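K.L.:
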Amino acid sequence: MPLHRMTKDQFKRRGIYRIFAYLFGLTKFKAVTFHEDHFTLDKRHSNVPVKYTDVLQKKHGGWPFKKLQINAFSNAYTFRGLSKKDLYRLLKQYEEAEAHAWRLRLKNFETDLRLVSSWITDVEQRNYFQRTSVFASRMSTARKIERGIIGKIPNLVAREQLAKDLRKTRRFLENTHGVRESCNAAYIPMEIAREQKLFDEIESHPLTDEQRKSVVVDEDANLVVAAAGSGKTSVIVAKAAWLLSKGLRKPDELLLLAFARDARLEMATRLKQRIPGLTDTEISVHTFHSLGLDILGRATGSRPSLSKLAEDKLALQNFINHAIRLNLNNNDYRILLNKWFTEFFAPYESEFDFENYGQYWNYIKKHKIRSLKGELVKSFEECEIANFLYTNGIEYIYETDYEYKTSDIKRRQYQPDFYLPKFQIYIEHLGLRGFARTAPYVDRKEYLKSLRWKRDLHKQNGTTLVETYSCEKSQGVLTSRLKEKLEEKGVIFNPLDPDAMFDILRDMGRLDPFTALVTTFLGHFKGSHLTEDILHARNASMDEKTQARNAAFINVFMPVFNSYQEQLQIEDKIDFHDMISLACEQLETGKFQSPFRYIMVDEFQDISVGRSKLVSALQKYHTDTQLFCVGDDWQAIFRFAGSDINVMKEFSSFFGNFERTDLSMTFRSEEKITKHATHFILQNEDQIAKKVSSFRKHHNPSVYVCFQKSHGEHYLSDILQQIADENDGDNKAEVLILGRYNLKTYSRDYAKILSDLRGQFPDLEISFKTAHRSKGLEADYVIILEAIADNLGFPNERADDHVLDLVLAKAEDFPNSEERRLFYVSLTRAKKKVFICTESGKISPFVEELVQSPFQCEIWGKPSSALPKCHKCFEGKLTLKTGPYGNFWSCNNYPYCEHSEQPCPHCKQGFPGQNSVNELRCDVCEQLIARCPKPDCGGHLQQEIGPYGSFWGCSKFRDTGCDYKTKHLPNISQRVTTTADPKPLSPPKRVKQVPKEPNQRLTENRSSHQSSEKLIPNKENIDQLRKTVTNAYKSWSDEEEDRLKQLVANGESVKSIAELMGRQVGAIRSRMGKLGL
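In structure tokens form, the structure reads like this:
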């Protein structure tokens, strides 16, 4: 109904009733005047205004005078003294004026009413996903309408559309609790069904239910957490197609971001192939860097030039080396750098912070604690002393023999920690704190006894001894006190000049790791727009030891960073971090007008804080811009390149409210690989948890742990031979060999080995990649090289230097978190099988986790029993070595731990281990072994040749000097049953026995000697036996065990197997039991 401006109208009483009303005092209100949005009840000298929309109820009646009562909220107004005709005339005038006022009011809200009404229809019909911002905005508008238009809708306008829209809005607002959630829950399956054709045809295979859900869930910000090989790219392509087909976005409003050129090209190609009619330029597909250049070019009219330092990693590292060398000419900087490399080269941990030697030596190995001269030292504090002496030009010898002979049958030659030959001074560093306290695992009494002996020795021989203490390190005065002590003894200090210092750092391999750390730190520092003040503020919240090391790094980093910035200014060029930050500025100042309203980011786990700021600036440019990010935090492996996993883990902190969907079905890896990899990565509870299942399933083993020989490469040939044997030959099987490092880094010549293997297996497509470069790749079979616990092992223990916590959004507390993700990436490149190569005695902790996991894992090449633990350091494992006296079992923590054990006296290879019934038995030849009868000795008897012939002596003779000897072995057939786990190598308890007659003793001794000889033949008997049983008492090889398994599987009898293998029947039965056959 068209609206026109209402002319002012007024109602007054008419006729005789007017007089009577006056006479009876019923004329409080003389008239009613009607205005545009209100009416007034007029008195003689004033009036009462009332809005039409405030009127809640009208009542009329009475006799003989009629009256009209108007209720408006808490007030009631009554117009009395009316005739029936006047009453109807007043009602008609009021209703027409009220309707006009309501139409005006509704007209003022027309846009909002139509918008909200349409939106409510969408909600009720589940037409769209209800985004948080849209729902909140529409609800806000609806509430504004509710507040702006109050009162009962008059009948004259009730059937008009705007009035209907108002009633619809009011009904909707009566109960809005959980409406958005219930709407979206119902919408998702409805939309998937509506778009079935698109989802069935957009890719070569129909999308999975998870993929479809990820497409139709359309929150303001969306995070798709995707498993490896789950079809992330397919979801992005389908999302773009869905947005366009629904008309939700135009092609030029879409922006797709990738991290690498290859990924960008693949994305652009897929979009063009899968979305009909789409041209190359309609949808913007960029890398972050190309987007930054594009924004700067459009905003400023010209694209800036990139420095070579940004594009060439080697050039950047060379520049940083050059900057360090130049800064060394500054004496203050030389002191700072010297302090870093002598005191803070690794995170300091005191010996007092550990429970045993092994834990401390593991720390020493993990951080490669070597002096600047390249010496392996026994403690961090000794390394600090060595570096202090070296950088101050003081010649020293580490652990050289003392100038006077001190060795005897029980004590080896004394070797002081340091000797200064020019000044004839010895330095002993003592692990002592206040009140002469030692580390908790050190025998304090013996330690102090040894110290008194050393002091007396020096005093007796007139040699000069300088002592340093662990308590000095804890007080931060270790090297300053040492300097004072040495100066008192006349030692002259001659600090190295800058060039010599630089050359030493380079030649000793210290410069490259430091440069790599500075490069990574610089990337995060610039990318996160940090300052030196921010670094110091963050450092102030950390513990005291960490603060000291971080402060030392900041001091050496900032001059290098300043040199880098100066170089960019000289070149008048920018780097990638400048590009991103400048692009953000153009967006925030409005100099670049963003056309993008839907931003999609692939491989989101690789984003940096700086890039996240660019995405956030694009997101905020328009109020309706949406974000769709796809990634897998389990594959975040590029922290060294600036990536920060916390952006994904703390998604809402960066991008606001979001909806998460998961892609948990992997189409790449076989089920057992998937289960192993998932269980492994989720040991770090800080990773985003998700359940992963596999499309590929078969019954054969898929995860193999292969124990390679420490010298030899044939294990790779064995693995490839198995792959070749099981490959059908129709297609060339892909074999991807992965290394934690590039091939040149390893001690083996893998480049030549792989070249030979390619010739040996022409039907296999063999390639090599580092674990980092394998990201995004897949192959039928994967072989992971040298997953060992070593300096160049997997994990790389030094990959996560904690100084990086200063520049990350949030520190990662879980040990080796980045390396764990890298190992997960390596595992999940395999489709069919993955082979992890390791070494006995150097097993990577990652491999140990796989073996100990609840899922099936095939073991190759490992001796049947586990490596014995070292009983001195408790953390090391004993491995078989060969020395001047033959084979021996040595701790793999050597040279830090020098503990060793003698092998089995019979086969000379096995380890004498104690079993559940307290027997000492070899784990290879399975023979019983006699203990040394001396109390608390812990050794066993082994045959020796002396000047008077052969005898049995204690295995601890060379270690502890136990001199027990006997011509004949004692009886070892007696078994002692125990329920508790016995301590290895502990001597049997003495049992008090009733004295026996001499003749009875003689008889028992003979029988026990005969029993002993029967159990353990001597060498002559074994040689005689081997004339008929060729392999009697020989160690079992892996090949023999495989052959035994095959013969048993073929149904051969034990007797025939013994004949075929040249073994005794008892040995065959014993080995079958051990192998579970």
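FYI, in this note's numbering the residues of the sequence shown are 1247 to 2323.
Backbone N, C-alpha and C define an ideal beta-carbon position, used for all residues, glycine too.
The model shown is predicted, which means the values in this text are computed figures rather than measured ones.
Who are leucine 1500's beta bridge partners in DSSP?
P.N.:
Leucine 1500 is bridged to Tyr1844.
K.L.:
By alpha-carbon positions, which one of Asp1821, Asn2139, Trp1488 ends up nearest to arginine 1440?
P.N.:
The residue with the shortest Cα to Cα distance from arginine 1440 is Trp1488.
K.L.:
Report the rounded CA-to-CA distance for isoleucine 1673 versus proline 2149, giving the unit in angstroms.
P.N.:
Rounded to whole angstroms, isoleucine 1673 to proline 2149 spans 38 Å at the Cα level.
K.L.:
So, does the CB of glycine 1397 fall closer than 9 Å to a CB anywhere in chain D?
P.N.:
Absent here is chain D; the protein component of the structure consists of one chain.
K.L.:
Where does alanine 2226 sit, in a helix, a strand or coil, going by DSSP?
P.N.:
Residue confidence is low: alanine 2226 scores 33 on pLDDT, short of 50, so the model does not pin down where it sits. Its coordinate-derived value is still stated next. Alanine 2226: coil per DSSP, three-state reduction.
K.L.:
Roughly how many angstroms lie between the CA atoms of serine 1553 and lysine 1819, to the nearest whole one?
P.N.:
Rounded to whole angstroms, serine 1553 to lysine 1819 spans 5 Å at the Cα level.
K.L.:
Counting C-beta neighbours from all protein chains within 10 Å, is the total for histidine 2214 16 or more, i.e. buried, or is it exposed?
P.N.:
With fewer than 16 Cβ atoms within 10 Å of its Cβ, histidine 2214 is classed as exposed.
K.L.:
May I have the straight-line CA-CA distance separating serine 1383 from phenylalanine 1901, to the nearest angstrom?
P.N.:
Rounded to whole angstroms, serine 1383 to phenylalanine 1901 spans 18 Å at the Cα level.
K.L.:
Find out if the Cβ-Cβ distance for the pair methionine 1846, phenylalanine 1874 is shorter than 9 Å.
P.N.:
Yes, the Cβ-Cβ distance between methionine 1846 and phenylalanine 1874 is below 9 Å.
K.L.:
Would a C-beta distance cut-off of 9 Å place valine 1470 and valine 1481 closer than the cut-off?
P.N.:
Yes.
K.L.:
Whole angstroms is fine: what's the gap from valine 1688's alpha carbon to alanine 1682's?
P.N.:
So the alpha carbons of these two residues sit roughly 12 Å apart.
K.L.:
Assuming lysine 2088 contacts aspartate 2036 under a Cβ cut-off of 8 Å, what Cβ separation, rounded to an integer in Å, is found between them?
P.N.:
At roughly 6 Å, the Cβ-Cβ gap stays under 8 Å, so lysine 2088 and aspartate 2036 are in contact.
K.L.:
Tell me the rounded alpha-carbon separation between leucine 1302 and phenylalanine 1325.
P.N.:
About 16 Å.
K.L.:
Roughly how many whole angstroms lie between the Cα atoms of tyrosine 1374 and alanine 1467?
P.N.:
If you take the alpha carbons of tyrosine 1374 and alanine 1467, they lie about 15 Å apart.
K.L.:
Ordered along the chain, which non-local residues of its own chain (more than five positions away) have a Cβ less than 6 Å from that of proline 1686?
P.N.:
Contacts found: none.
K.L.:
How close, in whole Å, do the beta carbons of leucine 1412 and isoleucine 1391 come, if the pair is a contact with beta carbons under 8 Å?
P.N.:
Right, the Cβ-Cβ distance comes to about 7 Å (below 8 Å), so this counts as a contact.
K.L.:
Alpha carbon to alpha carbon, how far is serine 1379 from serine 1386? Give it in angstroms, no decimals.
P.N.:
Distance between the alpha carbons of serine 1386 and serine 1379 is about 10 Å.
K.L.:
Just to confirm my understanding: we take glutamine 1339, look at its own chain, exclude 5 residues before and 5 after, and list those with CB closer than 8 Å. What are they?
P.N.:
Counting only Cβ-Cβ distances below 8 Å, and skipping sequence neighbours, we find Asp1255, Phe1257, Val1278, Phe1280.
K.L.:
Return the bridge partner residues of valine 1296 from the DSSP annotation.
P.N.:
Note: valine 1296 sits in a beta bridge opposite Phe1285.
K.L.:
Would proline 2130 pass as a contact of lysine 2123 if the rule is Cβ separation under 9 Å?
P.N.:
The answer is no: Cβ separation not under 9 Å.
K.L.:
If you follow the alpha helix (DSSP H) that glutamine 1225 is part of, which residue opens it and which one closes it?
P.N.:
The requested residue 1225 does not occur in the structure, where the chain is confined to residues 1247 to 2323.
K.L.:
Need the endpoints of the alpha helix (DSSP H) that methionine 1911 sits in, please.
P.N.:
Premise fails: methionine 1911 lies in the beta strand (DSSP E), 1911 to 1916, not in any alpha helix (DSSP H).
K.L.:
If we count Cβ pairs, one from each stretch, closer than 8 Å, do we get three or more for the region 1824 to 1832 versus the region 1518 to 1538?
P.N.:
These segments touch.
K.L.:
Buried or exposed: where does isoleucine 2262 fall if 16 or more other Cβ atoms within 10 Å of its Cβ makes it buried?
P.N.:
Caution applies to isoleucine 2262, whose pLDDT of 45 falls short of 50 and renders its modelled position unreliable; the value that the coordinates give is listed next. Buried, by the Cβ-count rule.
K.L.:
Could you name the residues that DSSP lists as bridge partners for proline 2158?
P.N.:
Beta-bridge pairing links proline 2158 to Cys2168.
K.L.:
Please work out which residues of its chain come closer than 7 Å, Cβ to Cβ, to tyrosine 1987, disregarding the five sequence neighbours upstream and downstream, and give them in chain order.
P.N.:
Thr2016, Leu2038, listed in sequence order.
K.L.:
Comparing C-alpha positions only, which one of Cys2143, Lys1729, Glu2172 sits nearest to phenylalanine 2157?
P.N.:
Of Cys2143, Lys1729, Glu2172, the residue nearest in Cα terms is Glu2172.
K.L.:
Whole angstroms are fine: how far does the CA of phenylalanine 1355 sit from the CA of arginine 1416?
P.N.:
Rounded to the nearest angstrom, the two C-alpha atoms are 14 Å apart.
K.L.:
If we call anything under 9 Å between Cβ atoms a contact, is glutamate 1713 one with histidine 1675?
P.N.:
Yes, they are a contact pair.
K.L.:
Please state whether the Cβ-Cβ distance between arginine 1259 and leucine 1314 is less than 9 Å.
P.N.:
No, the Cβ-Cβ distance between arginine 1259 and leucine 1314 is not below 9 Å.
K.L.:
Roughly how many whole angstroms lie between the Cα atoms of arginine 1580 and proline 1593?
P.N.:
Taking the straight line from one Cα to the other gives about 21 Å.
K.L.:
For the putative contact between proline 1741 and glycine 1639, defined by C-beta atoms under 8 Å, what is the C-beta separation to the nearest angstrom?
P.N.:
Right, their Cβ atoms sit about 6 Å apart.
K.L.:
Along the chain, where does the alpha helix (DSSP H) that runs through aspartate 1255 open and close?
P.N.:
Segment 1255 to 1258 is the beta strand (DSSP E) holding aspartate 1255; no alpha helix (DSSP H) there.
K.L.:
Helix, strand or coil, according to DSSP, for phenylalanine 1600 in the structure here?
P.N.:
Coil.
K.L.:
Which class does alanine 1592 belong to by DSSP, given the choice of helix, strand or coil?
P.N.:
Of the three classes helix, strand and coil, the one that applies to alanine 1592 here is coil, per DSSP.
K.L.:
So which of Lys1719, Gly1604, Lys1998 has the shortest CA-CA distance to glutamate 1627?
P.N.:
The residue with the shortest Cα to Cα distance from glutamate 1627 is Lys1719.
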